[in-house]
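Asks: The structure under discussion is supplied below as C-alpha cells; questions concerning it will follow.
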Amino acid sequence: MALWQPAAQRGQVLAARFLAAPSAPGAVLDLPYADAETGRFISEILLDQTAHARPVPYRLEGRGEQVVSPPVRDNPFFRGLVAQVQHPARSPPCAGATELMALGFSAVVLHRDRLSPTAAAALSASLAPALPGAGAPVAGATIFGPAAQP
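Just so we're aligned: 1447 in the working numbering is position 88 of the sequence shown, and the numbers increase by one with no gaps anywhere.
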C-alpha cells in the first residue's frame, strides 16, 4: 500500500476544485475535521485547501477541537454539528447557521465518505435547511452554502 496517494486520485480534490471555481467568496468548513478514533486532524483538508485557495479554520497543532479556531469552536451551530458527528442518533438538528456564516464562511463540505450513514444523514438534515443553496454532491462529499452554487 502506498503511503502517499497522488492528489489526482483523491475524490476530495474534486470537491476542492469545485470550490475553486468563481462563486461566493469565503472560508470553507470541512466536516468531519478529525478522525473519530484517534482525534487527529484530517490533514487532507489542508491539501484540499491548496486546490480551492479559500481560508479554513484549522491548524495542525492539537487534537479534536483544539485544531479549530476559537471563534468557530464556540459557535453554537458548529458545536451542534460536531455533536451530530459524534452522536448522530442522540443529537437534535442544529440551529445558528447565520452566526457561522457571519464569521465569513461560504461553504460547508460534508465528507460523507468519512462518516457513518447515520451521521451523514443527520448532518445533511441540519445543513440543507440552514444554509442557502442546495447541497451539491461532488465525489464522496456534499457542499452546502452559497459556494455550492455553480
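Each residue gets a CB set at the ideal place from its N, CA and C atoms; glycine is no exception.
Predicted model, so just to flag it, every value in this text is computed and none were measured.
Just the Cα atoms here: how many angstroms apart are Arg1422 and His1411?
Replies: Taking the sequence shown and counting its residues from 1, one reaches residue 1422 at position 63. Taking the sequence shown and counting its residues from 1, one reaches residue 1411 at position 52. So the two alpha carbons sit approximately 24 Å from each other.
Asks: Have a look at Ser1483, Val1387, Glu1420 and flag the residue whose alpha-carbon is nearest the alpha-carbon of Arg1413.
Replies: The residue given as residue 1413 occupies position 54 in the sequence shown. Ranking Ser1483, Val1387, Glu1420 by Cα distance to Arg1413 puts Val1387 first.
Asks: Roughly how many whole angstroms lie between the Cα atoms of Val1444 and Arg1473?
Replies: Here residue 1444 is taken as the residue at index 85 of the sequence shown, counted from 1. Here residue 1473 is taken as the residue at index 114 of the sequence shown, counted from 1. Approximately 10 Å between the Cα atoms of the pair.
Asks: How would you write the range of the alpha helix (DSSP H) that Ser1485 sits in, first residue to last?
Replies: Residue numbering aside, residue 1485 sits at position 126 when the sequence shown is read from its first letter. 1476-1489 is the span of the alpha helix (DSSP H), which, as asked, contains Ser1485.
Asks: Going by beta carbon distance, what residues of the same chain come within less than 6 Å of Ala1489, once the five residues before and after it are set aside?
Replies: What you label residue 1489 is simply residue 130 of the sequence shown in a count that begins at 1. Same-chain partners within the cutoff: Ala1456.
Asks: Could you pull the start and end residues of the beta strand (DSSP E) that Ile1502 belongs to?
Replies: For the purposes of this step, residue 1502 is identified with residue 143 of the sequence shown, where counting begins at 1. From DSSP, the beta strand (DSSP E) with Ile1502 extends over 1500-1503.
Asks: What does Asp1389 pair with, by DSSP beta-bridge criteria?
Replies: Within the sequence shown, numbered from 1, the residue matching residue 1389 stands at position 30. Beta-bridge pairing links Asp1389 to Val1468.
Asks: Taking all protein chains shown into account, decide if Arg1399 is buried (16 or more other Cβ within 10 angstroms of its Cβ) or exposed.
Replies: Here residue 1399 refers to the residue found at position 40 when the sequence shown is read from its first residue. Arg1399 comes out exposed.
Asks: What are the partner residues of Pro1496, as DSSP defines its beta bridges?
Replies: The sequence position of residue 1496 within the sequence shown is 137, counting from 1. BP columns for Pro1496 point to Thr1501.
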